[in-house]
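Position 182, counted from 1, in the sequence shown is what full-length UniProt numbering calls 182; the numbers after and before it change by one each time, with no gaps.
Using N, Cα and C, we set each Cβ at its ideal position, and we do this for glycine too.
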Amino acid sequence: MLRACRPLLQQILLRISLELTSQERAQFFFYCEKSFPSSPSKGQLLELFCELQKRLKSSSSVVSLLKDFTKTICRLDLELLLMEYETEIEVDTIFKEYLHFREGNQNPDLSSATARTVSKTLSRNLRDGQELLTNLAKLSKSTSIEEAVRLYLDEVLSREGKFCWSSILQILGFCSELAYRRMCLFPGPSMFQRWLSDIDDVRLVLQEFKIVTWMAQNGGAAGCVKFIKKQDPAEMARQKETRILISQIAEQYTTL
1 MLRACRPLLQ QILLRISLEL TSQERAQFFF YCEKSFPSSP SKGQLLELFC ELQKRLKSSS
61 SVVSLLKDFT KTICRLDLEL LLMEYETEIE VDTIFKEYLH FREGNQNPDL SSATARTVSK
121 TLSRNLRDGQ ELLTNLAKLS KSTSIEEAVR LYLDEVLSRE GKFCWSSILQ ILGFCSELAY
181 RRMCLFPGPS MFQRWLSDID DVRLVLQEFK IVTWMAQNGG AAGCVKFIKK QDPAEMARQK
241 ETRILISQIA EQYTTL
């Protein structure tokens with residue numbers, strides 16, 4: 001079976017080098033170096049990418065630089081490609097954070113604050129949905145994870161018609177908990193390898209349904225956290241107070 005392996009940064013950089021025109025390659029050289037060779041080749045661009053990786057020392061910094069550049073040249077297709085790459089990594093991190101959370105071995109110093117917020121929300125939502133937990137227990141034993149996730153996604157789409165952040169959270173929670181439960185069914189030294197294999201299969205279905213693309217187009221994990229905070233009772237109360245205050249101020253101005 002083909003695995004839906006997360007694209008490596010080198011694959012993304014290679015694709016960008018092939019997609020950019022000669023003029024755009026020259027613009028990127030000037031954007032980074034304030035100078036450029038005449039008609040820089042794809043090979044020279046790849047060499048610059050390698051130099052940037054060494055100089056910036058982190059993949060995320062390279063991606064951020066490229067996103068800023070693609071905005072300046074209005075290459076929305078390449079900007080979305082980079083956003084999808086970022087979101088793919090964020091989703092992987094959310095799955096890992098959820099596993100650490102369920103295992104009780106979180107390390108706040110090493111984890112992503114964004115992924116931690118999402119994983120805690122997923123866990124809380126599942127605790128509040130006993131019917132879903134019962135169905136998860138059945139599915140973890142009776143079917144492949146691909147089939148279970150595909151059935152669940154079909155159900156979500158038939159019920160809601162389209163994706164929204166609420167349904168994305170349901171989907172991520174379902175996938176995270178199902179992978180965890182399947183891992184626990186087979187304790188032993190290879191249990192984590194089973195989890196990794198299941199996450200690969202989950203990724204395949206998420207790609208099929210373009211979940212990551214939707215997330216990238218709607219702000220990625222940061223957009224998800226923004227939605228979560230809006231649903232938080234304390235945040236909703238603050239927003240209500242703000243609306244009341246604005247209304248009162250507006251009323252004062254209209255009566256002057």
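Exposed is the label assigned to Thr-21, since fewer than 16 other Cβ atoms lie within 10 Å of its Cβ. With distances taken between CA atoms, Ala-26 lies nearest to Ser-41 out of Ser-41, Ile-16, Leu-18, Arg-15.
In the structure shown, Phe-30 adopts helical secondary structure according to DSSP, grouped into three states. In this structure, the straight-line span from the alpha carbon of Leu-169 to that of Leu-122 is close to 7 Å.
In summary, Gly-161 is exposed, with fewer than 16 beta-carbon neighbours lying within 10 Å of its beta-carbon over all protein chains present. Around the CB of Asp-201, 16 or more other CB atoms lie within 10 Å, so the residue is classed as buried. Apart from sequence neighbours up to five positions away, no residue of its chain approaches Leu-81 with a beta-carbon distance below 6 Å. Contact between Leu-13 and Leu-46 is confirmed by a C-beta separation of about 7 Å, below the 8 Å threshold.
Per the C-alpha coordinates, the member of Phe-95, Asp-198, Leu-78 positioned closest to Val-63 is Leu-78. Secondary structure note for Phe-95: its alpha helix (DSSP H) is the uninterrupted segment 76-103.
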